[in-house]
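Taking it in order: structure first as structure tokens, then the write-up.
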Amino acid sequence: MSPHLVLRVVSKLLIPIIVVFGFYVHFHGDYSPGGGFQAGVIIASAVILYALIFGVEAARNAVPPLVVRIGAALGVLIYGGVGVATLIMGENYLDYDVLHPDQAHHTGQHIGILLVELGVLTTVFSVMLAIFYAFAGRAPDIPEEEW
Amino acid sequence: MMDGFDWTQLLDFALMAMLLAVGIAIVRLRNLFAAVMLMGVYSLLSAAWFVTLDAVDVAFTEAAVGAGISTVLMLGAMLLTAREAEPVKAGRHWAALVVVLATGAALFYAIGDMPAYGDPNSPANAYVGLDYLIRTPQEIAVPNVVTAVLASYRGFDTLGETVVIFAAGLGVMLLLGLGGRKPRRDTEEEDEA
Numbered sequence: 001m002s003p004h005l006v007l008r009v010v011s012k013l014l015i016p017i018i019v020v021f022g023f024y025v026h027f028h029g030d031y032s033p034g035g036g037f038q039a040g041v042i043i044a045s046a047v048i049l050y051a052l053i054f055g056v057e058a059a060r061n062a063v064p065p066l067v068v069r070i071g072a073a074l075g076v077l078i079y080g081g082v083g084v085a086t087l088i089m090g091e092n093y094l095d096y097d098v099l100h101p102d103q104a105h106h107t108g109q110h111i112g113i114l115l116v117e118l119g120v121l122t123t124v125f126s127v128m129l130a131i132f133y134a135f136a137g138r139a140p141d142i143p144e145e146e147w
Numbered sequence: 001m002m003d004g005f006d007w008t009q010l011l012d013f014a015l016m017a018m019l020l021a022v023g024i025a026i027v028r029l030r031n032l033f034a035a036v037m038l039m040g041v042y043s044l045l046s047a048a049w050f051v052t053l054d055a056v057d058v059a060f061t062e063a064a065v066g067a068g069i070s071t072v073l074m075l076g077a078m079l080l081t082a083r084e085a086e087p088v089k090a091g092r093h094w095a096a097l098v099v100v101l102a103t104g105a106a107l108f109y110a111i112g113d114m115p116a117y118g119d120p121n122s123p124a125n126a127y128v129g130l131d132y133l134i135r136t137p138q139e140i141a142v143p144n145v146v147t148a149v150l151a152s153y154r155g156f157d158t159l160g161e162t163v164v165i166f167a168a169g170l171g172v173m174l175l176l177g178l179g180g181r182k183p184r185r186d187t188e189e190e191d192e193a
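Respectively, the protein sequence lines represent chains A and B.
The first sequence begins at 1 in full-length UniProt numbering and counts up one residue at a time.
The second sequence begins at 1 in full-length UniProt numbering and counts up one residue at a time.
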């Protein structure tokens, strides 16, 4: 039937786990190594794995280039937007303490860090995929005999 | 001092020996496919080495970017060229060797000025670094100091880095496009032919 049956089955099992791990790395970045950048790269690599096994066209259908283009700018907007929000709330640019009234537990800092890291994640994920799409759109598929 | 011997040093030496072996193999290989794969191996070994040096965040990035995405991008670039490297003239080898030896000798000469591993009085640990370690629990209340420095104390730098990544992606998109119109271009070429 289809070639690389083992690769297809294993990667289909792995890809959701990789994505969940990416989000874990992002949301757990306060407590353990990692953060938005690493999470973005991990989630992008899940899509790239999908493209390698099932073809670039399938990946383009799953994550369209339009999403990638918007995401790259959206991440920077999220990051900058957090700074503007803190400005409007009456503090310095990117001073997260005002984001939440609970000063004793520094909840504002936690919210701010998660939000700006979400911006980093969005931009990194989109840019990694954009570069991959730009390259993969030009290279021919790997011929059978070279697997 | 023998009872205080740090056995993880042996791991460091083993990893460095493997890095050296892989590096030499990459230089000597003609087959670009194998060279690209070995560069992924090199990144993965570096990541493992960073872990033994307690630089887990750096190791994370190296494993994901160096071993993962760069390998795929190098593969994509390689598919556009030949599979085998052209043989290089012998004279160029000697010039490269001289440059590498001179740089290596300068680096070895500088080792004497490096602080010992984990030295609390080294410049990296003493001034601002110590300040971050002391103040993060009270001011940010985040267990991972790396995240606190990255996202909060140096939020401006990270914003700049995000913009740099965005600009890099924008440059690639402007130069190469997203490859979305590839099938249409093919049919145009066929029409012309």
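Ideal Cβ placement from N, Cα and C applies to all residues, glycine included.
Residues near residue i by beta carbon distance below 6 Å, same chain, minus five either side
i: residue 205 of chain B; result: A question about residue 205 of chain B goes unanswered here, because the residues of chain B that appear run from 1 up to 193.
i: residue 193 of chain B; result: Low confidence applies to residue 193 of chain B: its pLDDT is 41, below 50, so where it sits in the model is not reliable, and the reading given next is rough at best. Excluding residues within five positions, none has a Cβ falling inside 6 Å.
i: residue 136 of chain B; result: 145 and 148
i: residue 56 of chain A; result: 136
Buried versus exposed, by CB contacts within 10 Å (16 or more), residue i
i: residue 173 of chain B; result: buried
i: residue 140 of chain B; result: buried
i: residue 29 of chain A; result: buried
i: residue 122 of chain B; result: exposed
i: residue 117 of chain A; result: buried
i: residue 105 of chain A; result: exposed
i: residue 78 of chain A; result: buried
i: residue 138 of chain B; result: exposed
i: residue 191 of chain B; result: At residue 191 of chain B the pLDDT is 45, less than 50, meaning the model places this residue with poor confidence; the figure from the coordinates comes in the next sentence. Flag for residue 191 of chain B reads exposed.
i: residue 33 of chain A; result: buried
i: residue 54 of chain A; result: buried
i: residue 39 of chain A; result: buried
i: residue 171 of chain B; result: exposed
i: residue 5 of chain B; result: exposed
Interface partners of residue i on chain B, CB under 9 Å
i: residue 72 of chain A; result: 165, 166, 169, 170 and 173
i: residue 117 of chain A; result: 147, 150, 151 and 158
Proximity below 7 Å, CB of residue i to CB of residue j
i: residue 19 of chain B; j: residue 45 of chain B; result: yes
i: residue 129 of chain A; j: residue 36 of chain A; result: no
i: residue 156 of chain B; j: residue 72 of chain A; result: no
i: residue 65 of chain A; j: residue 133 of chain A; result: yes
i: residue 25 of chain B; j: residue 15 of chain B; result: no
i: residue 142 of chain B; j: residue 41 of chain A; result: no
i: residue 72 of chain B; j: residue 48 of chain A; result: yes
i: residue 99 of chain A; j: residue 113 of chain A; result: no
i: residue 67 of chain B; j: residue 40 of chain B; result: yes
Where residue i meets chain B, residues with beta-carbon distance less than 8 Å
i: residue 44 of chain A; result: 69
i: residue 69 of chain A; result: 173 and 178
i: residue 16 of chain A; result: None at all; the shortest Cβ gap to chain B is about 17 Å.
Cβ shell of residue i (< 8 Å), same chain only, five flanking positions each side left out
i: residue 196 of chain B; result: Within the shown structure, residues of chain B are numbered from 1 to 193, placing residue 196 of chain B beyond reach of any answer.
i: residue 126 of chain B; result: 120
Cutoff 7 Å; reference residue i; Cβ partners in own chain excluding five residues on either side
i: residue 194 of chain B; result: Nothing can be reported for residue 194 of chain B, as the shown portion of chain B is limited to 1 through 193.
i: residue 85 of chain B; result: 30 and 32
i: residue 19 of chain A; result: 43 and 46
i: residue 93 of chain A; result: 83, 86 and 87
i: residue 126 of chain A; result: 68, 71, 72 and 75
Chain-ordered chain A contacts of residue i [CB-CB under 8 Å]
i: residue 73 of chain B; result: 131, 132 and 135
i: residue 64 of chain B; result: 38, 41, 42 and 45
Proximal chain A residues relative to residue i, where beta-carbon distance stays under 7 Å
i: residue 141 of chain B; result: 105, 106 and 109
i: residue 52 of chain B; result: None at all; the shortest Cβ gap to chain A is about 14 Å.
Presumed contact (8 Å Cβ cut-off) between residue i and residue j, rounded CB distance
i: residue 82 of chain B; j: residue 63 of chain B; result: About 29 Å separates the two Cβ atoms, so there is no contact after all.
i: residue 138 of chain A; j: residue 80 of chain B; result: 6 Å
Chain-ordered chain B contacts of residue i [CB-CB under 7 Å]
i: residue 102 of chain A; result: What residue 102 of chain A touches in chain B: nothing, since even the nearest Cβ is about 11 Å away.
i: residue 127 of chain A; result: 165, 166, 168 and 169
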